[in-house]
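Sequence order for the protein chains is A and B.
Position one of the first sequence corresponds to residue 65 (the working numbering), numbered consecutively onward.
Position one of the second sequence corresponds to residue 258 (the working numbering), numbered consecutively onward.
Each remark here refers to the structure printed beneath this line.
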Amino acid sequence: MTAARTPNPHRFRRALSRVHVWHWLWIVVAGLVFLVPIYSVIQFSLSGTVKGQPILHWYYTVFDDPNFLSSFWLSLQISLETVAISLVLLVPTVFWIHLRLPRLRPVMEVISVLPFVVPPIALIVGLSVFLRQFPWLIVRPEVLSLIYVVFALPFVYRSLDAGLQAIDLKTLTEAASSLGASTFRTLLTVILPNLRAAIIGGSLLTVAIAMGEFTISSLLGFNTFSVYIYNIGTSTAYEGVALSFISFIITWGAMLSLFLLGRGGRSSAQVAIAK
Amino acid sequence: MAVADLAAPDQVAEPVERGRPPRQARRRRWAFLGVVPFFAYISIFLLIPTGELIVDAFKTANGRFTFANVEAIVHAPYVPAFEFSLEVSAICALMGGLLGFLVANAVLHDGMPRFLRGTFSSFSGMAANFAGVPLAFAYVATLGAEGIVTRLLAHLGFNLSYNFDGLIGLSLVYLYFQLPLMILLVIPSIDGLRREWREAAANLGAGSFRFWWHVGFPIVAPSVFGMMVLLFGNAFSAYATAETLGVTNLVTVWIAQLVNGNITVDPQVAYALAFGMIVIIVVTVTIYTLIQRRASRWLR
């Protein structure tokens with residue numbers, strides 16, 4: 065504490081503690097906002113059972129439903145496809161822009177904010193007109209991955225952009241090419257390993273987004289995990305709340321691994337959109 | 258991998274070129290090919306659909322030009338829906354923005370425990386992504402008719418009839434993802450308030466209030482407002498949470514119903530509503546960009 069350096073330590077310390085009371089108040093308020101719903105979810109999902117039923121009754125019911133697993137796998141599959149498409153599309157693009165077209169970075173900044181603000185519901189209304197020309201595509205779940213790539217863009221782009229910003233791209237590529245590596249080989253064997261944290265960070269956020277997406281999958285009529293939770297929860301609230309807790313744990317897991325991964329360096333992905 | 262194929266022919270470090278600018282120029286001219294796949298993708302899945310929507314908002318079902326769709330949405334029930342959407346977004350952007358700023362400032366303040374920063378940023382990362390259907394059920398479990406908090410208050414003799422349809426009711430639900438988002442967004446800006454400025458102000462005799470009034474606030478304000486604008490857009494686009502809670506008076510819910518056909522199928526009006534949303538979003542993004550440009554002056 066800097067109190068020792070000030071002429072009147074008592075006055076300073078008193079002022080400091082008064083300030084601290086306010087700071088703690090805001091922290092407690094935020095803590096309540098965060099934690100009360102989580103506590104309620106746990107409590108609620110363990111209640112509403114009849115005598116003799118196990119305490120995890122609603123969880124057992126949910127796990128026994130074959131649609132639970134099928135919708136979960138569908139969402140997981142879509143999420144992984146989204147991650148794959150995003151990376152194949154964006155890693156070379158962002159690398160290329162940093163290397164050769166830095167003038168495009170402001171344009172990319174704007175484009176990468178767009179998906180964050182364009183309402184998914186408006187996008188799907190426009191897209192469905194366009195997709196009607198491809199009836200074979202609109203019935204396949206892969207169409208969701210193709211669309212989710214757009215929603216993942218702000219997170220994947222910003223994470224990759226920050227990752228590339230952090231390494232000395234010019235020196236690395238020049239060193240690689242003076243050793244005879246092609247640009248492709250440089251990207252694969254020199255740049256990619258350096259972007260590992262950024263790639264994993266962006267991917268985890270993408271999984272979190274794709275696993276929880278509801279608007280588009282429900283309007284296109286796919287039974288994804290969110291749609292399943294919606295259908296179950298609107299008939300039996302207890303099961304819906306139990307499922308919400310499961311989905312919360314999944315999000316929590318993804319974000320926790322993100323946090324643990326980012327602990328070494330500056331976690332660029334987590335505050336991806338802040339930059 | 259089309260980009261890599263294009264990239265392969267020209268090496269980064271070329272042999273020294275004496276008097277051969279054309280090759281350099283050619284290289285630069287073709288460099289843009291590397292970003293074509295990305296821009297094509299974004300055009301197909303983001304820009305063209307948005308454009309399609311704007312065109313279709315002015316078309317009849319037969320494809321003729323008309324203003325009828327846009328005229329239809331400037332009447333009830335669509336005007337109240339727009340009003341409610343805007344009000345909810347504004348209120349929860351204000352609440353989330355202010356509280357998020359205060360919390361982030363508290364967490365980062367000198368003398369507060371170190372662990373708070375890590376805890377809050379990781380928790381915010383998680384909570385900001387905990388939205389949509391699960392969030393709605395979480396609030397049903399908390400404040401719904403049978404909710405835990407409702408039951409607790411009833412036990413204490415206080416009858417809470419929480420209204421998810423209401424302005425404050427829905428805004429408080431949205432606060433769950435708005436607040437952590439604001440915390441994540443604003444932490445770097447507060448970090449940007451350099452310690453030296455704080456110390457310089459303290460040396461000149463400024464207290465906490467004077468520091469914020471003369472130094473901190475003028476520097477941070479543009480980026481804080483910019484983030485609130487972002488929060489506004491975020492809430493304005495929200496659909497899943499409201500739909501699950503059974504809120505009907507929102508633009509997004511109306512659009513979904515008009516294209517899904519639970520009540521009536523009138524895609525033309527849905528296009529016009531979506532167009533209206535896009536207009537509002539464009540205004541929002543413009544404001545955001547203008548503010549952001551100002552904000553970046555100090556926070557480098």
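Glycine included, each C-beta is placed from N, C-alpha and C at the ideal position.
What you are looking at is a predicted structure, and each value in this text was computed from that prediction instead of being measured.
Note to self: Just to confirm before moving on: does the CB-CB distance between residue 277(A) and residue 290(A) stay below 8 Å?
What the structure shows: Locating residue 277(A) in the first sequence gives position 213, counting from the first residue. Locating residue 290(A) in the first sequence gives position 226, counting from the first residue. Result yes, Cβ atoms of residue 277(A) and residue 290(A) sit closer than 8 Å.
Check: Would you report the Cα separation of residue 334(A) and residue 382(B), rounded to the nearest angstrom?
Finding: Sequence index remark: in the first sequence, residue 334(A) carries index 270 (1-based). Sequence index remark: in the second sequence, residue 382(B) carries index 125 (1-based). The predicted model places residue 334(A) with a pLDDT of 40, which falls under 50 and marks its position as unreliable; any figure quoted below should be read in that light. Between residue 334(A) and residue 382(B), the C-alpha separation is close to 6 Å.
Next item on the list: Look up residue 234(A) in the DSSP assignment and say whether it is helix, strand or coil.
Entry: Position 170 of the first sequence holds residue 234(A). Helix at residue 234(A).
Margin query: Quick check on DSSP: helix, strand or coil for residue 322(B)?
Written below: Walking along the second sequence from the start, residue 322(B) turns up at place 65. Per DSSP, reduced to three states, the secondary structure at residue 322(B) is strand.
Next item on the list: Give a yes or no on whether the minimum CB-CB distance between residue 386(B) and chain A is below 8 Å.
Entry: Within the second sequence, numbered from 1, the residue matching residue 386(B) stands at position 129. Yes, because at least one Cβ of chain A sits closer than 8 Å to the Cβ of residue 386(B).
Margin query: Does the CB of residue 379(B) have a neighbour CB from chain C at under 8 Å?
Written below: In the displayed structure, chain C is absent; the protein chains listed are A and B.
Notebook entry, point to check: Can you list, in chain order, the stretches of the alpha helix (DSSP H) that have 4 or more residues and sit fully within the segment 432-471 of chain B?
Noted result: Counting whole runs of 4 or more residues, the segment 432-471 of chain B contains the alpha helix (DSSP H) stretches 452-460 and 465-468.
Next item on the list: If I'm right that residue 395(B) touches residue 90(A) with Cβ under 8 Å, what's the distance once you round it to whole angstroms?
Entry: In the second sequence, counting from the first residue as 1, residue 395(B) sits at position 138. In the first sequence, counting from the first residue as 1, residue 90(A) sits at position 26. Rounded, the Cβ-Cβ distance is 22 Å, inconsistent with contact.
Check: Which first and last residues belong to the alpha helix (DSSP H) in which residue 139(A) is found?
Finding: The residue given as residue 139(A) occupies position 75 in the first sequence. Start and end: 130-163.
Notebook entry, point to check: Taking DSSP as the reference, what is the three-state secondary structure of residue 334(A)?
Noted result: The residue labelled residue 334(A) in the question sits at position 270 within the first sequence. Only weak support is given to the placement of residue 334(A): the predicted model assigns it a pLDDT of 40, under 50, and the value that follows is read from those uncertain coordinates. In this structure, residue 334(A) counts as coil in the three-state DSSP scheme.
Next item on the list: Scan the segment 161-187 of chain A for residues whose Cβ lies nearer than 8 Å to a Cβ of chain B and list them as they occur along the chain.
Entry: The residues in question are 161, 163, 164, 165, 168, 174, 175, 177, 178, 179, 180, 181, 182, 183, 184, 185, 186 and 187.
Item checked: Contact belief for residue 351(B) with residue 485(B) at Cβ below 8 Å, rounded distance in angstroms -> As a position in the second sequence, residue 351(B) is number 94, starting the count at 1. As a position in the second sequence, residue 485(B) is number 228, starting the count at 1. Indeed they touch by this definition, with Cβ atoms about 7 Å apart.
Note to self: Could you check whether the segment 337-344 of chain B touches the segment 505-519 of chain B, counting it as contact only if at least three pairs of C-beta atoms, one from each stretch, sit closer than 8 Å?
What the structure shows: Pairwise C-beta distances place the segment 337-344 of chain B in contact with the segment 505-519 of chain B, as three or more of them are shorter than 8 Å.
Checklist line | Residues that residue 316(B) bridges to, as DSSP identifies them | finding: Translated into the one-based positions of the second sequence, residue 316(B) becomes position 59. Beta-bridge pairing links residue 316(B) to 322(B).
Notebook entry, point to check: In chain B, which residues lie with their C-beta within 7 Å of the C-beta of residue 279(A)?
Noted result: Here residue 279(A) refers to the residue found at position 215 of the first sequence. Listed by position along chain B, the residues whose Cβ is nearer than 7 Å to that of residue 279(A) are 496 and 497.
Margin query: Using 8 Å as the threshold, is the C-beta distance between residue 253(A) and residue 220(A) below it?
Written below: As a first step, residue 253(A) is located in the first sequence; it is residue number 189 there, counting from the start. As a first step, residue 220(A) is located in the first sequence; it is residue number 156 there, counting from the start. Residue 220(A) is positioned such that its CB atom lies no closer than 8 Å to that of residue 253(A).
Check: For residue 326(B) versus residue 528(B), is the C-beta spacing smaller than 8 Å?
Finding: By 1-based counting over the second sequence, the position of residue 326(B) is 69. By 1-based counting over the second sequence, the position of residue 528(B) is 271. Closer than 8 Å, so yes.
Note to self: Comparing C-alpha positions only, which one of 207(A), 160(A) and 92(A) sits nearest to residue 237(B)?
What the structure shows: There is no way to answer for residue 237(B), as the model of chain B reaches only from 258 to 557.
Margin query: Going by beta-carbon coordinates alone, are residue 303(A) and residue 114(A) separated by less than 8 Å?
Written below: As a position in the first sequence, residue 303(A) is number 239, starting the count at 1. As a position in the first sequence, residue 114(A) is number 50, starting the count at 1. Residue 303(A) places its beta carbon 8 Å or farther from that of residue 114(A).
Notebook entry, point to check: Ordered along the chain, which non-local residues of its own chain (more than five positions away) have a Cβ less than 8 Å from that of residue 311(B)?
Noted result: On the second sequence, residue 311(B) is found 54 positions in, with the first residue counted as 1. 532 and 535, listed in sequence order.
Next item on the list: Could you check the C-alpha separation between residue 523(B) and residue 378(B) for me, to the nearest Å?
Entry: Reading the second sequence from its first residue, position 266 is the one you call residue 523(B). Reading the second sequence from its first residue, position 121 is the one you call residue 378(B). So the alpha carbons of these two residues sit roughly 44 Å apart.
Check: If residue 185(A) sits next to residue 512(B), beta carbons under 8 Å apart, how far is it from one beta carbon to the other, in whole angstroms?
Finding: Counted from its first residue, the first sequence places residue 185(A) at position 121. Counted from its first residue, the second sequence places residue 512(B) at position 255. Yes, they are in contact, since the Cβ atoms of residue 185(A) and residue 512(B) sit about 5 Å apart, within 8 Å.
Next item on the list: Measure from the C-beta of residue 462(B) to each C-beta in chain A and report whether the shortest distance is under 8 Å.
Entry: On the second sequence, residue 462(B) is found 205 positions in, with the first residue counted as 1. By the rule that beta-carbons nearer than 8 Å mark a contact, residue 462(B) does not touch chain A.
Item checked: Any chain B beta carbon closer than 8 Å to residue 122(A) -> Here the question's residue 122(A) lines up with position 58 in the first sequence. Proximity of residue 122(A) to chain B, defined by a Cβ-Cβ separation below 8 Å, is not satisfied.
Note to self: Between which two residues does the alpha helix (DSSP H) holding residue 201(A) run?
What the structure shows: Stepping through the first sequence from its first residue, residue 201(A) is reached at position 137. First-last of the alpha helix (DSSP H) with residue 201(A): 199-202.
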